[in-house]
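Asks: Got a structure for you, written out below as structure tokens; questions coming shortly.
Residue numbers (the numbering used here): 326 to 433.
Here it is in structure tokens:
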């Protein structure tokens, strides 16, 4: 979609879409950890990240779930047990993340 100046808004491009669902400080870290550990409980994920608040982690997980990148599985027990894993759509990002890691390794 072009704006009045005749340029396409970045948010209307595939690049903008991708950034909108994986952008920010925490989403790539969460996806990376889930790709390495397959299934992770909420508190485990919080401990792995370390410097994220519980509220921020909850918001990021809800956004990733809403965008279809992760799957949340809740078990009806006391205390509640919730596990997170990558969806098929989330798994499709892993080769891209691997390429970013390779780039970082080469240029660090």
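Just so you know, even glycine gets a beta-carbon here, dropped at the ideal spot from N, CA and C.
Predicted, not measured: the structure shown is a model, and the values here were computed from it.
1) Consult DSSP for residue 410 and reduce its assignment to one of helix, strand or coil.
2) Starting from residue 342, trace the alpha helix (DSSP H) in both directions and tell me its first and last residue.
3) Alpha carbon to alpha carbon, what distance is there between residue 389 and residue 350?
4) Run the CB neighbour count on residue 402, radius 10 Å, all protein chains shown included, and call it buried at 16 or more, exposed below.
5) Mapping the DSSP letters down to three states, classify residue 400 as helix, strand or coil.
6) Is DSSP giving residue 355 helix, strand or coil here?
7) With C-beta atoms as the reference, is residue 410 less than 8 Å away from residue 395?
8) Rounded to whole angstroms, how far is the Cβ of residue 366 from the Cβ of residue 408, which I believe are closer than 8 Å?
9) Just grab the DSSP bridge partners of residue 377 for me.
Replies: If we stick to the structure as given:
1) What you label residue 410 is simply residue 85 of the chain shown in a count that begins at 1. Strand.
2) Counting from 1 along the chain shown, the entry for residue 342 is found at position 17. Counted as a single uninterrupted DSSP element, the alpha helix (DSSP H) harbouring residue 342 occupies residues 339-347.
3) On the chain shown, position 25 is the one that residue 350 refers to. On the chain shown, position 64 is the one that residue 389 refers to. If I take the Cα positions, the gap works out to 13 Å.
4) Position 77 of the chain shown, counted from the first residue, corresponds to residue 402. With fewer than 16 Cβ atoms within 10 Å of its Cβ, residue 402 is classed as exposed.
5) The residue given as residue 400 occupies position 75 in the chain shown. Strand at residue 400.
6) In the chain shown, residue 355 corresponds to position 30, counting from 1. DSSP places residue 355 in helix when its eight states are reduced to three.
7) Here residue 410 corresponds to residue number 85 of the chain shown, with the count starting at 1. Here residue 395 corresponds to residue number 70 of the chain shown, with the count starting at 1. Their beta carbons are under 8 Å apart, which means residue 410 touches residue 395 by this criterion.
8) Counting from 1 along the chain shown, the entry for residue 366 is found at position 41. Counting from 1 along the chain shown, the entry for residue 408 is found at position 83. Yes, they are in contact, since the Cβ atoms of residue 366 and residue 408 sit about 6 Å apart, within 8 Å.
9) Within the chain shown, numbered from 1, the residue matching residue 377 stands at position 52. Its beta-bridge partners do not exist; DSSP assigns none.
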